[in-house]
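Residue 1 is where the sequence shown starts when you use our numbering, and the numbers rise one by one after that.
Think of the CB as a built atom: it goes at the ideal place given N, C-alpha and C, for glycine as much as any other residue.
One structure below.
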Amino acid sequence: MNGSTGERKTRFVKGESSNLRKRFSLRLRPRLRLLALRLKRISIRSFFNDVRTFLQNNIRRVAFTTFISVVLGFCYLFLKLTALPSPRIVPYSDLVVSLQSGSVTKVLLEEGSRRIYYNRDSNTVGDNQISETGSRAVYVSTEKDVAKVENVDNSRTDQSSNLNLLRKLSRAQASVPEWQYSTRKLDRDEKYLLSLMREKGVTYSSAPQSVIMSMRSTLITIISLWIPLIPLMWLLYRQLSAANSPARKKQPQSQTVGFDDVEGVDAAKLELMEIVLCLQGAINYQKLGAKLPRGVLLVGPPGTGKTLLARAVAGEAGVPFFTVSASEFVEMFVGRGAARIRDLFNAARKSAPSIIFIDELDAVGGRRGRSFNDERDQTLNQLLTEMDGFESETKVVVIAATNRPEALDPALCRPGRFSRKVLVGEPDEGGRRKILAVHLRGVPLEEDTNIICHLVASLTPSFVGADLANIVNEAALLAARRGAETVAREDIMEAIERAKFGINDKQLRPSTISKELGKLFPWMPSLVGKNDRRQDDLQGPLGYQTLS
Ligand SMILES: Nc1ncnc2c1ncn2[C@@H]1O[C@H](COP(=O)(O)OP(=O)(O)OP(=O)(O)O)[C@@H](O)[C@H]1O
């Protein structure tokens, strides 16, 4: 019986180990093979190349991180090397009681602080105090330990405990501080303390804190203060660096847009033409004692071409053009927006004659005192000051655009600032025709451009320049989707329909989408084939199978 159970056991163990081996071969082997393959593919040279390119791209960050790590490393080393066993901190009354009992041997009064260090005669220290002190006061018990060791040695009852005690003793001696106790001095008690020490014949002296120790405590204070401040500093740094980044620094742009590119806003064009002529010096306004208009405010609904007009002014005048959106001045930190306005105007003054264009002026030019946003008010004040600060001969014109002139602070619109307001309204039919002609310039049409312009202009009342530009673009895209060489009338009609009513249901039908996708990606038979076959309830949410 026993033999058979033993056999079964060995068979069972064998079976288990073979199972394990199977599992190993099934799970681990392929993985190991894959890992080996991957490791083979990684060449050391490419790895070093990657590291080099990473370092080249992030040299500043790497240098900064290394510097911080080295500094922290040094701090750690310094703290570690200068670490001394600290004395036990006790209440002031303990010092007085010890002095009275005559157990104090030596006292040091630290200069420049209220700290007092003292030592006691260890023979008079009670057992209860030793246990109380814990790890810090192991040194207090050194002599007692010696006595204990001797006793234990004599009796030779337990050699291992003897060894343990010896080890403990050596560790204790290594951590013996110069001063056993430390306390804080009480105000107006020096006289009593001194008289008590004299009376008991205690050795006392005073000394300044050692340089290393004062450095150590300063370092600890700095580190403990800075660590919680780091996230805040990081936030501040990011804000400031974002504000001062080269991308944000205003560079003048040379414009390639001219008045020929802006149509349907003839009255506004005429007004601005005068400024162009003044900047070019074609009109001698100074001879008659006139001043160059400081600011021009373009007012009108969105998409009517205000930005385009401002660009055209710069393009026609051939002067540097500084363009900003007023929302760029809205900063988190008080004073940053104002500083950026100052920078912008300084840069424009340096490259005068020049044009500054501020888009969406209402973002900073809203009435002051309406909100608690002090930062915005400061930015606006700075803008007002800068516009006042132009000398009469400085040829810098500020053009601003807004859709909400009623929201602007009245101080912005007074003469000398944005005194000239130019309305850029919705174009009439003739205007729309001209705008379409501008945008159809580079588009190959099946029919005559004039006919298309007339047709589209008549079908799009209340459309602005941006809408018309969008219609032309959509039509071209639809034609490209068809694979056509030219834009047909149908494409334009569909683009108008889309602009007016959005993309309709008919176009969104699954079959339509699959057909369109099939046309766009004819090399994907899976897409075309499956979609043609599967127009039933098994289709995906978009009416076609997934590409995978
Ligand atoms: N009068 C126009 N002539 C030609 N193109 C125009 C005209 N108006 C608008 N566009 C087209 O619309 C686009 C957007 O126009 P733009 O940015 O100048 O409008 P905006 O009035 O400044 O709008 P917003 O008030 O929203 O900033 C232009 O890039 C241009 O293609």
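By the neighbour-count definition (other C-beta atoms within 10 Å, threshold 16), Thr-203 is an exposed residue. Shortest Cα-Cα distance from Leu-108 to any of Pro-30, Asn-119, Asp-359, Gln-56 involves Asn-119. Relative to the non-hydrogen atoms of ligand 1, the Cβ of Leu-297 never comes closer than 6 Å to any of them. In this structure, Asn-403 has its beta carbon less than 6 Å from a heavy atom of ligand 1. DSSP, read as helix, strand or coil, puts Lys-291 in coil. Leaving aside the five residues that flank Gly-303 on each side, the residues in its chain whose CB is nearer than 7 Å to its CB run, in chain order, Val-464, Gly-465, Ala-466, Asp-467. For Pro-30 and Val-472, the gap between their C-alpha atoms comes out near 58 Å.
By the C-beta density criterion, Pro-228 is exposed, having fewer than 16 other C-beta atoms within 10 angstroms. For the pair Asp-121 and Asp-189, the Cα-to-Cα distance works out to about 24 Å. Taking 6 Å as the cut-off, one finds no heavy atom of ligand 1 near enough to the beta carbon of Ile-356. Between ligand 1 and the CB of Ile-435, the shortest heavy atom gap is smaller than 6 Å. Taking the C-beta atoms as reference points, Gly-300 is found nearer than 7 Å to Lys-306. By the CB criterion at 7 Å, Phe-345 and Glu-406 fall outside the cutoff.
Looking only at Asp-362, Val-396, Phe-329, the smallest Cα-Cα distance to Thr-379 is reached by Phe-329. Remark: the C-beta of Thr-66 is outside contact range of ligand 1, defined as less than 6 Å to any heavy atom. The beta carbon of Ser-206 lies closer than 8 Å to those of Leu-108, Leu-109, Glu-110, Glu-111 in the same chain, with the five residues before and after it left out. Remark: fewer than three beta-carbon pairs, one from each stretch, lie closer than 8 Å, so the segment 431-443 and the segment 267-283 are not flagged as touching. The segment 80-129 contains, as complete alpha helix (DSSP H) runs of 4+ residues, the segments 92-101 (chain order).
If you check the C-beta of Leu-308 against ligand 1, you find a heavy atom less than 6 Å away.
Leu-95 and Thr-183 have their alpha carbons spaced roughly 8 Å apart.
Apart from sequence neighbours up to five positions away, the residues of its chain that approach Val-438 with a beta-carbon distance below 7 Å are Asp-261, Glu-263, ordered along the chain. Ranked by Cα distance from Gly-201, the options Leu-423, Phe-67, Ser-103 are led by Ser-103.
DSSP places Lys-350 within a helical segment (H, G or I) once states are collapsed to three.
Contact between Cys-453 and Leu-436 holds: CB atoms are separated by about 4 Å, below the 8 Å threshold. For Asp-359, DSSP records a beta bridge to Ser-325.
Per DSSP, reduced to three states, the secondary structure at Leu-298 is strand.
A straight-line Cα-Cα distance of about 56 Å links Val-364 and Ile-44.
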